[in-house]
Structure formats: structure tokens, C-alpha cells
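Remember, this note's numbering sits 19 above the position in the sequence shown when you count from 1.
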Amino acid sequence: MTRLQIVHLLDDFALGGVTKGLDVYNDPGFTDVAESRTVAIKSDAVIAPRVDADIIVTHFPPNWRRILFLLSLKARNPHASLLHVEHSYSAEWENLHVPHKARFRFMLKMAFSIVDHVVAVSHGVGEWMSRIGAVQGDRLTIIYPYSGKKGLDRVPDMKRPDDGRLIIGAYGRFHECKNFDTLIKAVRLLGEDAPVDLVLGGFGPEQDKLVELAGMARNIRFTGRVDDVAAFLAGIHVFAVPSRYEAYGQVANEAREAGRAILVSPVGGLPEQVGRGGVVADCSTPESLADAIAALHHLPLEQMGQEGRKATHGCGQERVAQWIKLFRLLVPRAGSSALIRRSPGLSTA
């Protein structure tokens with residue numbers, strides 16, 4: 020059987036959810052039916068490359084310049100289906116960064132009209148895009164990202180410590196969107212005598228600021244880059260994702276796979292991950308987040324962790340199956356150059 024040829028276009032290979040999410044296309048279940056490769060493009064490119072592909076997947080956020088690129092991509096690759104994955108934009112991102120929403124939304128609508136199909140990485144993002152008229156429902160599919168981190172299913176179940184002292188963990192890029200500054204302030208507000216420790220993993224542009232905010236607090240520790248996610252999660256009791264905006268939040272899914280309860284902010288795709296495996300809390304101020312952390316001591320964290328692990332069991336294979344199903348809908352029809360331009364809307368997450 021001839022394998023589908025998939026080309027992914029990416030303009031930013033920095034550590035983050037987009038790059039991690041590409042690992043799903045290397046899963047053996049996927050590579051049996053499709054061959055994927057990634058092509059780097061410049062962030063200011065206007066002329067698109069010609070590529071040998073059945074489907075071309077764009078992973079960069081649209082902007083006005085990118086509309087010219089997408090038009091070029093379509094013109095120079097007339098026999099390929101074009102699929103865009105929206106990893107970045109969300110209602111919360113728009114509220115924080117876009118003063119002229121009508122213009123921004125018109126740009127999104129133009130960009131999405133050029134491609135054959137759009138994938139949103141969460142229901143929150145998909146519902147927002149539909150609500151603002153950026154894309155029609157029959158051209159939109161929801162597929163959660165998947166990082167494919169190994170060993171998470173072998174992390175021992177969380178056990179509450181005898182002394183009641185909880186270790187709150189968080190990792191990711193040290194960027195303002197992650198809201199780690201508020202998390203540090205919340206833990207400091209609780210005080211060093213509170214039965215709470217904070218362990219932060221990662222690096223990024225806000226590193227100096229975060230270290231300064233932590234000061235000499237004995238109950239706040241930085242681990243640097245997290246290469247062994249399973250080991251990091253095995254060493255904590257609760258995982259926090261207090262983001263200001265987050266299209267999905269793969270780190271929350273990783274924590275659930277490892278059997279850790281999650282505490283998340285009510286943004287993007289985070290609330291829909293919680294279920295019985297954690298709590299959604301107001302993380303907008305140090306005071307509200309401190310209250311949420313203090314309340315963790317009264318919650319059934321062990322049971323929450325088990326529920327999260329149960330909910331994510333087999334999620335990697337589910338994502339692979341969802342992608343294969345969508346790609347097969349989007350390939351050119353056998354014996355015809357006609358593409359499935361209006362494939363049925365799928366909500367496969």
C-alpha cells in the first residue's frame with residue numbers, strides 16, 4: 020500500500036507545544052500509513068515552496084503576511100490538500116493582545132478560507148473560532164495534541180505525604196503566558212511555614228524575573244530544563260498550569276497520564292481536560308491562586324490522580340487514529356485531481 024505523503028511547515032522550532040506535538044506523526048501506527056517530514060520556512064516568507072505531498076500541514080499562526088504565503092502555497096501546490104492546525108490563538112490571547120478585534124477576525128477568516136480544512140487543538144479554541152466566524156463548522160475538526168512522552172504510565176500513583184506537605188510542580192517555557200510569576204507570588208503569599216513547596220522546571224525569557232520573585236524562599240526551587248518528564252512528575256503531588264492563555268496545554272495531559280491531579284486556570288483547552296482529575300481555579304491574582312493552593316489539602320488528590328490517569332489511558336493511539344481518519348478524508352480522490360474541499364466536520368477529540 021502506498022503511504023500518504025505529509026509535509027509539515029513550521030517556522031519556529033523552539034521548545035514548546037507545537038514542536039512536541041509533531042511527535043505524534045512518528046508513532047508506528049501513523050507511519051504505517053503515512054510518511055511525514057517537516058520543512059522549515061522563514062517567518063517572513065511570502066513565496067511558498069513546492070513540495071511533493073498529498074497533504075501540506077501549516078503549524079504557524081496566521082497573520083496578514085501569511086495570507087500571501089498561503090495563497091502562494093495553494094498556487095504552487097495545486098494537487099495537495101492544505102490543512103492548518105491552530106496551536107496559538109484563543110479567546111484569551113485575543114483579549115490580551117488584539118485591540119482591534121474586527122480586523123484580526125477578518126484576517127483569520129481570510130487565512131482559513133484559503134486552506135481546505137482547519138484543526139483546532141481544543142474545543143475551547145474551536146468554539147471560539149466558530150463563534151467569531153473565522154471558520155465554518157463543516158471545515159473544522161478538534162484533535163487534541165499529544166507529545167508522546169515515554170514512561171508516564173509507569174510513574175507510581177501519588178501518595179499524600181505523612182506530614183501533609185504538598186509539592187506543587189510546574190514546567191514549561193518561562194514566558195509571560197505561563198503566569199509562573201503569579202504562581203510564585205501565590206506560594207510566597209502562603210509563607211514558608213505553609214505546608215507547600217513549589218518546584219519549577221524550564222527556562223526562557225522570564226527566568227531572571229522569576230528567580231528574583233522567588234528570592235530566598237526556602238520552599239521554591241528551580242530545576243532547569245526538564246528532560247525526564249516522568250521523573251519530574253514522580254517527584255510532585257499536584258501539577259499546576261496557571262496560564263494566562265493556553266490553546267490546549269499538553270503539560271496538563273502529561274501530568275494526568277502520570278497520575279497527578281492538576282490545578283488549571285479557566286482558559287483555552289485547560290478546563291476541558293480536568294474532569295474528575297483536578298480543579299479549575301482563578302489564577303489571575305496571587306491571592307486567588309493562593310486560596311486555590313491552600314484548598315488542595317482538603318481534596319482527594321490520590322483519587323483525582325487516578326481519575327486523570329484513567330481518562331488519558333490510550334490517548335496517544337486515539338490521536339493517531341483521529342489524524343489518520345482526517346488525512347484520508349483530505350487526500351485527493353483516487354483517479355481524480357478533485358480535492359475534498361468541504362469534508363465533513365469532525366469532532367474527534
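All C-beta atoms, glycine included, are put in the ideal place defined by N, C-alpha and C.
Let me know the secondary structure DSSP gives residue i once reduced to three states.
i	result
Lys39	helix
Gly364	Confidence at Gly364 is low in this model, with a pLDDT of 43, below 50, so the placement of that residue should be treated as unreliable; the coordinate-derived value is given next. Of the three classes helix, strand and coil, the one that applies to Gly364 here is coil, per DSSP.
Ala53	strand
Gly191	strand
His12	In the structure as shown, the chain starts at 20 and stops at 368, and residue 12 therefore has no counterpart that could be examined.
Val206	helix
Thr201	helix
Val76	strand
Ala67	coil
Asp30	coil
Val298	strand
Val339	helix
Ile25	strand
Ala357	Residue confidence is low: Ala357 scores 36 on pLDDT, short of 50, so the model does not pin down where it sits. Its coordinate-derived value is still stated next. Three-state result, Ala357: coil.
Arg352	Here the model assigns Arg352 a pLDDT of 43, short of 50, so the residue's position is not dependable, and the following value carries that caveat. Coil at Arg352, not helix or strand.
Candidates the options: which alpha carbon is nearest residue i's?
i	options	result
Ala59	Asp73, Asp46, Arg173, Thr38	Thr38
Leu375	Asp51, Asn45, Ile75	With the chain covering 20 to 368 only, the question about residue 375 has no answer from this structure.
Lys369	Glu276, Val245, Pro305	Only positions 20 to 368 of the chain appear in the structure, and residue 369 is not among them; the question remains open.
Ala153	Tyr108, Asp227, Pro175	Tyr108
Val286	Lys169, Arg69, Glu111	Glu111
Gln255	Leu229, Gly268, Ser284, Gly220	Sequence check: residue 255 is Ile here, not Gln. Considering only alpha carbons, the answer is Gly220.
Ser141	Ala233, Ala189, Ile343, Ala266	Ala266
Thr77	Thr50, Ser91, Glu105	Glu105
Ala139	Arg158, Met126, Met129	Arg158
Val215	Lys168, Met126, Gly170, His316	His316
Asp42	Lys168, Asp71, Lys128, Ser62	Lys168
Thr4	Ile203, Pro118, Phe88	Residue numbering for the chain in the displayed model covers 20 to 368; residue 4 lies beyond these limits and cannot be assessed.
His103	His119, Arg69, Ser62, Leu28	Leu28
Thr331	Pro118, Gly296, Leu318	Gly296
Ile151	Lys128, Glu306, Gln269, Trp83	Lys128
Asp135	Val117, Gly188, Gly156, Ser284	Gly156
Met323	Arg179, Phe32, His119, Gly170	Arg179
From which residue to which residue does the alpha helix (DSSP H) around residue i run?
i	result
Gly143	142-150
Ile312	305-314
Arg95	83-95
By Cβ distance below 6 Å, which residues in the same chain neighbour residue i in space, the five residues on each side in sequence not counted?
i	result
Gln226	Phe193
Gln292	Ala271
Val298	Leu282
Ala309	Ala205, Leu208, Leu209
Lys197	Gly191, Ser262
Ala64	Phe88
Ile25	Ala53, Ser55, Ile74
Gly40	Pro164
Phe258	Gly188, Ala274, Arg279, Ile281
Excluding sequence positions up to five away, which residues of its chain have a Cβ less than 7 Å from the Cβ of residue i?
i	result
Val174	Ala249, Leu252, Ala253, Ala277, Gly278
Gln408	Since the first and last residues shown for the chain are 20 and 368, residue 408 lies out of range.
Lys93	Leu101, Ile133
Ile66	Ser91
Trp147	Ser109, Ala110
Gly223	Arg192, Phe193, His194
Ala130	Pro81, Arg85, Ile86, Leu89
Asp71	Gln24
Gly145	Ala139, Leu159, Ile161
Please decide whether residue i counts as near chain D, where near means a Cβ-Cβ distance under 9 Å.
i	result
Ile187	No chain D appears in the structure shown, which is made up of a single protein chain.
So, at 8 Å on beta carbons, what are the nonlocal neighbours of residue i in its own chain, with the 5 sequence-adjacent residues on each side left out?
i	result
Asp200	Glu225, Lys228, Leu229, Leu232
Leu115	Arg263, Tyr264
Leu23	Val52, Ala53, Glu54, Asp73, Ile74, Phe346, Arg347, Val350
Any heavy atom of the ligand ZN closer than 8 Å to the CB of residue i?
i	result
His194	Ligands are entirely absent from the displayed structure, and the ligand ZN is therefore not among its contents.
Could you name each continuous alpha helix (DSSP H) segment of 4 residues or more that falls completely within the segment 210-296, going from the start of the chain to the end?
Look at the segment 210-296 and you find these whole runs of alpha helix (DSSP H), each 4 residues long or longer: 226-233, 248-253, 269-276, 290-293.
Start-end ranges of the alpha helix (DSSP H) lying completely within the segment 99-178, minimum 4 residues
For the segment 99-178, the continuous alpha helix (DSSP H) assignments of 4+ residues that do not extend past its boundaries occur at 110-116, 120-133, 142-150, in sequence order.
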